[in-house]
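Going by UniProt numbering, the first residue of the sequence shown is number 1, and it counts up by one from there. Every residue gets a Cβ at the ideal spot worked out from N, C-alpha and C, and that includes glycine. Note that the structure is predicted; figures quoted are calculated from it, not measured. Data first, discussion second: the structure below is written as structure tokens.
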Amino acid sequence: MEERRELRRMPPGERCPECGSVKWYLQDGLRFCSRGHQIEGFIQFDVGEDEDSGRLGAVTRREREIRSSEKRQLSGQEGKSLYLEALQLLLRNQALWLIHEKGYGEELETVIRDLWDLRIRGSSSLATADHDTAEAQLEMFSSQSLPEENKTAWKLRSRTQSWDPERDADWPMPTLPETLGLCYLASLLLRIPTRLGELLHWANNGNIPYKTAYHDLPREMQDRLPSAYVKALKLPLRSSLQGGIFYRTVMDLVLSYHLNYGMVFPEISSVSLLVQYAKMLALPIESIVATKRLSAALGYRFQFAVNKTNILPIDHPEIRLITLLIFATKLCFPFKGNQPSTEGLGTAYLPRFEWETWRQGLVQHPEDEELPNKAAEFEAMTPNQVVHMNDEELDAYFAHMTALVDKRNENPITQFFPTETPAAPAPPVPEMSEDEVDQRASRLLSQTLEPPRGLGIIEAEGPSGASDDIMYEAFRSVQDLSGTAAAFYKATGDAAGIPLDLVVRAVYMLEQRVVSWQKGQRAMDTGGW
């Protein structure tokens with residue numbers, strides 16, 4: 001009888017079904033328990049103490065199938081090219097909106113396309129750019145600029161960008177606000193009177209394609225855009241474009257076109273824009289006349305200063321225009337008193353302007369009313385505030401966050417769980433028609449204008465009182481503004497799309513230049529030169 005082999009212990013949980021023995025031995029390729037009962041289901045190789053020891057036959061493993069999958073999210077040059085295509089699509093939609101909704105000529109699209117071609121002509125150099133620098137190439141514009149940035153934003157010569165293809169990875173990628181800037185410059189080349197404030201309000205209020213730039217893209221383009229550019233295209237949903245940033249973007253484009261191609265843009269349509277501002281602010285025609293005479297006396301032109309080394313706010317043609325309008329209006333219709341504080345501008349028989357009536361009757365223009373920025377409120381929410389939200393607020397919060405979450409890499413199992421429906425875009429703010437603007441201006445002017453004094457009207461005030469009435473008020477900072485001045489400055493800034501502090505600084509710069517000009521004129525008159 002063949003000698004039994006060495007007994008081995010069965011794995012935990014196994015035993016002989018006949019006798020319950022937990023030990024076994026191997027004989028003739030079969031497994032038996034220690035008492036000789038055959039154990040069924042034996043695998044045809046010996047499992048020893050060490051792994052794979054005593055193997056009785058060759059083991060064949062099936063080769064794992066190699067799945068080839070295309071990477072959906074692009075990177076490097078392909079990702080940047082797709083981002084440029086997305087901006088080009090947005091730019092075309094903006095051009096079509098201006099043509100169909102605002103009645104601009106069809107040649108606007110051609111001019112915008114030519115400007116865009118010049119802007120991205122150096123993008124071919126991106127083929128050699130490293131993917132690691134993708135996020136560094138894109139400047140993320142924030143809606144709330146830093147205080148120091150506000151102070152130095154207008155004295156840059158270094159803002160001029162070189163679009164030379166030889167820059168390779170350093171070639172500056174276009175930004176989202178540049179699309180609006182190109183629309184403005186194309187209108188300027190075609191001599192279409194367009195205010196920067198108009199474009200800004202249309203963008204922030206959802207009229208012109210801008211806020212929903214990412215969601216307006218085809219689904220395939222959304223899925224393949226790099227994350228850095230997705231964030232840039234979604235930024236308008238989270239924060240509004242600020243006027244200071246938009247004005248600076250336009251100035252940067254003008255300087256860059258001049259540096260790279262020697263282009264010089266024409267002057268803005270100052271008279272047409274001046275009339276638009278006067279209507280929106282319900283100002284008398286005397287303000288327009290005085291503004292034109294002041295600009296002629298000071299030798300001011302309304303063209304972009306491309307040859308200056310330090311660019312100040314007042315060097316922007318549209319900011320210069322509104323500062324002259326404010327200055328001329330203050331000269332003709334002082335906030336305190338009723339006599340004009342200027343001579344030589346044909347103001348001998350100016351009507352009186354009741355500023356308090358104007359202040360009370362001026363209804364804020366619908367263009368100045370931006371949509372309630374719920375997105376900004378949600379971004380500033382603290383965890384404690386979220387916890388104390390009611391059901392309706394919580395649903396709105398989750399809907400907002402859902403719109404910002406990237407869904408391209410979703411786990412397939414998530415399809416079995418309900419998701420929040422993204423919040424629908426807010427409807428655009430209705431605009432006031434031109435007839436409504438004219439009617440409002442006529443109504444306010446009829447209430448605020450009174451006949452000039454001195455024409456058969458006996459004044460109760462003596463010469464000493466009159467001398468106090470002709471004092472001109474200058475304000476160096478926002479804190480120095482009187483109530484009427486603050487209302488007037490803010491209304492003008494809202495119409496132009498720039499913040500109050502920038503308006504105050506620009507007007508004060510102009511006032512100081514006028515003081516210097518007056519001193520020079522007096523010196524010339526007295527033979528001091």
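Query: Extent of the continuous beta strand (DSSP E) run through Arg119; Result: Counting along the chain, Arg119 falls outside any beta strand (DSSP E), though it belongs to the alpha helix (DSSP H) covering 107 to 119.
Query: Residue environment, Pro174, which counts as buried when at least 16 other CB atoms sit within 10 Å; Result: buried
Query: First and last residue of the uninterrupted alpha helix (DSSP H) at Phe327; Result: 317 to 332
Query: Element boundaries [beta strand (DSSP E), containing Leu30]; Result: 30 to 33
Query: Bounding residues of the alpha helix (DSSP H) (the contiguous stretch that carries Lys23); Result: Per DSSP, Lys23 belongs to no alpha helix (DSSP H); it is in the beta strand (DSSP E), 23 to 27.
Query: Span separating the alpha-carbon of Val386 from that of Asp395; Result: 11 Å
Query: Assigned secondary structure, Leu294 (DSSP; H/G/I helix, E/B strand, else coil); Result: helix
Query: CA-to-CA distance, Glu78 to Ala169, given in whole angstroms; Result: 14 Å
Query: Per DSSP, cross-strand counterpart(s) of residue 533; Result: Here the chain comprises residues numbered 1 to 529, so residue 533 is not present and cannot be evaluated.
Query: Cβ-based neighbour list, Thr329, same chain, cut-off 7 Å, excluding 5 preceding and 5 following; Result: Leu283, Ser287
Query: Reference Gln94; option with closest CA among Pro351, Leu180, Met389; Result: Leu180
Query: Euclidean distance between Cα positions of Glu40 and Arg31; Result: 8 Å
Query: Cβ-Cβ distance between Gln303 and Phe265 below 9 Å; Result: yes
Query: Cβ pair count under 8 Å reaching 3, the stretch 266 to 277 against the stretch 234 to 248; Result: no
Query: Bridge partner(s) assigned by DSSP for Arg352; Result: Glu450
Query: Terminal residues of the alpha helix (DSSP H) in which Trp202 lies; Result: 196 to 204
Query: Rounded distance between the beta-carbons of Val111 and Leu196, thought under 8 Å; Result: About 17 Å; that fails the 8 Å criterion.
Query: Asp480 versus Ala495, Val504, Tyr472, residue with shortest Cα-Cα distance; Result: Val504
Query: Sequence-distant residues of its chain with Cβ nearer than 6 Å to Leu259 (five each side left out); Result: Thr160
Query: Three-state class that DSSP yields for Gln512 in the structure shown; Result: helix
Query: Contacting residues, own chain, Cβ-Cβ under 6 Å from Ser187 (five flanking each side not counted); Result: Thr194
Query: Sequence-distant residues of the same chain with beta carbon closer than 8 Å to Pro351, five excluded per side; Result: Pro284, Glu286, Leu449, Glu450, Pro451, Pro452
Query: Backbone secondary structure at Gln276 - three-state DSSP; Result: helix
Query: Glu509 versus Ala491, Ala486, Ser477, residue with shortest Cα-Cα distance; Result: First, the amino acid is wrong: residue 509 is Met here, not Glu. If we check each option's Cα against that of Met509, Ser477 comes out closest.
Query: Pro209 versus Cys183: straight-line alpha-carbon distance, rounded; Result: 12 Å
Query: Nearest residue (CA-CA) to Arg113, options Gly103, Leu324, Leu87; Result: Leu87
Query: Distance between Ala305 and Ala487 (C-alpha atoms, nearest Å); Result: 30 Å
Query: Spatial distance of Val515 from Ser295 (CA atoms); Result: 14 Å
Query: Gln38 - DSSP class collapsed to helix/strand/coil; Result: strand
Query: Own chain residues within Cβ distance below 6 Å of Ala496, not counting five before or after; Result: Gly197, Ile322
Query: For Arg35 and Cys19, believed in contact at Cβ under 8 Å, the rounded distance; Result: 5 Å
Query: Tyr261, buried or exposed, once every other Cβ within 10 Å from all chains shown has been counted against 16; Result: exposed
Query: Nearest residue (CA-CA) to Thr249, options Ala297, Pro177, Met280; Result: Pro177
Query: Glu106 versus Ile192: straight-line alpha-carbon distance, rounded; Result: 12 Å
Query: For His100, the three-state DSSP class (helix, strand or coil); Result: helix
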